[in-house]
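Here is the structure we will look at.
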Amino acid sequence: MLDHPVLWGFIALVSGYLILDLGLFHKKVRALTLRQAAWQSLAIVVIAIAFGVFVYAQKGRSAAAEYYSAYVMEYALSMDNVFVILLIFRYFSIEPQYHHKILFWGIIGAIFMRGIFIFAGVFLVKKFSWILYIFGALLVWAGIKNLFFRSDEPPDLSKNPLLRFLSRYLRITTAPHQGKFIIYRHKKRFFTLLALALLMVEISDLIFAIDSIPAAFAITQDEDVLFSSNILAVMGLRSMFFLLAAVMNRFWALEYGISIVLTGIGLKMFQSLIGLHISAEISLAFILSALTLSIIVSLLFPRKDDEPAPSST
């Protein structure tokens, strides 16, 4: 592990950012303004882009292209998670000043969970290369399913079996939490609604990782590139939560772009069977083109329910 400068650089970068984020920028509990959210979102995106330059310096152009491809892919695939998190916050009536606390600890959990997924996946792929074909088939199926069988109805959290399981086996209180995950009453420990919301955010991230991490494996099997691009994308999305939640409905065609990318990247995993080689640069161009085109289509042809209502005179 000592000969992995990219991984160590990533660990130092993320550790420094999280310490500053919790210890300086969010020392006081408060709701973020739109302006503050925009600046913090821009900062993490700039950090992620700059880290790609570091990857280029350490590993070369191909590795940098793989990093940016995996970063954009993870960003796109995890956008739906923003809506799920928003639903969780609304369902549990989490006050805006506590949104950042849940998102922050959600990132900590994502780092550990996705790290386990990625490094275990790399180990298995190196041992059994045929696993990549299974990943490819799953991605093609996910792309087709999202394209033709996607439901526009938001999930009903009251019917979620995991939430029912947690509610049944954890001692939960609806008493005011004052920003605490656990409170003690009559010498008994109770989990607050804040803790329950955090657990649901972590579970939703785990579910979304099942799709997004195999997609990243289609781009690269370099654990340093996989881990850094995946986590920086998740961090960026959590920072942009306050912005994306307000505007994502406008980008209705993005789901089609994501489906095309999933199918294309899944098919790429079978390239060795037909003696084909698609470079990392071509993969990056394909991902960016499909997503950019879907955003342009969304803006040029807005849906009626996304158009601003006419002003009354």
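Plus 5 on top of the position in the sequence shown (first one is 1) and you've got the working numbering.
A virtual CB, placed ideally from N, CA and C, is assigned to each residue, including glycine.
Tell me residue i's beta-bridge partners as DSSP assigns them.
{"i": "R190", "result": "K193"}
{"i": "I177", "result": "F196"}
For residue i and residue j, what's the separation of their Cα atoms in angstroms?
{"i": "R66", "j": "G111", "result": "32 Å"}
{"i": "F117", "j": "F124", "result": "11 Å"}
{"i": "L199", "j": "I90", "result": "13 Å"}
{"i": "Y174", "j": "R190", "result": "18 Å"}
{"i": "I218", "j": "R119", "result": "8 Å"}
{"i": "I24", "j": "S74", "result": "28 Å"}
{"i": "I212", "j": "Y261", "result": "20 Å"}
{"i": "P166", "j": "L281", "result": "44 Å"}
{"i": "R255", "j": "L272", "result": "29 Å"}
{"i": "P268", "j": "T179", "result": "For the record, residue 268 in the displayed sequence is Thr; it is not Pro. T268 and T179: Cα-Cα distance of roughly 44 Å."}
{"i": "M240", "j": "I93", "result": "18 Å"}
{"i": "I301", "j": "V266", "result": "16 Å"}
{"i": "I16", "j": "R308", "result": "42 Å"}
{"i": "A295", "j": "K185", "result": "43 Å"}
{"i": "I292", "j": "I107", "result": "31 Å"}
{"i": "F154", "j": "K193", "result": "46 Å"}
Is the CB of residue i under 7 Å away from at least one CB in chain C?
{"i": "N165", "result": "Of the protein chains in the structure, only one exists, and it is not chain C."}
Residue i by DSSP, collapsed to three states: which one?
{"i": "I300", "result": "helix"}
{"i": "L210", "result": "The amino acid occupying residue 210 in the given sequence is Asp; Leu does not appear at that position. Helix."}
{"i": "P307", "result": "coil"}
{"i": "H104", "result": "helix"}
{"i": "L281", "result": "coil"}
{"i": "G184", "result": "coil"}
{"i": "M274", "result": "coil"}
{"i": "L7", "result": "With a pLDDT of only 45 at L7, under the threshold of 50, the placement of this residue in the model should not be trusted, and no figure is reported."}
{"i": "Q41", "result": "helix"}
{"i": "S258", "result": "Sequence check: residue 258 is Ala here, not Ser. Looking at A258 - three-state DSSP - the assignment turns out to be coil, as it is neither helix nor strand."}
{"i": "F154", "result": "coil"}
{"i": "W110", "result": "helix"}
When the distance is taken between beta carbons, is residue j closer than 7 Å to residue i?
{"i": "V11", "j": "Q63", "result": "yes"}
{"i": "S234", "j": "Y76", "result": "yes"}
{"i": "M84", "j": "A220", "result": "no"}
{"i": "A55", "j": "A285", "result": "no"}
{"i": "F140", "j": "F222", "result": "yes"}
Just to confirm my understanding: we take residue i, look at its own chain, exclude 5 residues before and 5 after, and list those with CB closer than 6 Å. What are they?
{"i": "Y72", "result": "G57, V60, V230, S234"}
{"i": "W13", "result": "none"}
Residues in the same chain with beta-carbon distance under 8 Å from residue i, minus the five sequence neighbours each way, listed in chain order, please.
{"i": "T318", "result": "The pLDDT assigned to T318 is 35, lower than 50, so where the model puts this residue is not dependable; a value taken from the coordinates is nonetheless given after this. No residues qualify anywhere along the chain."}
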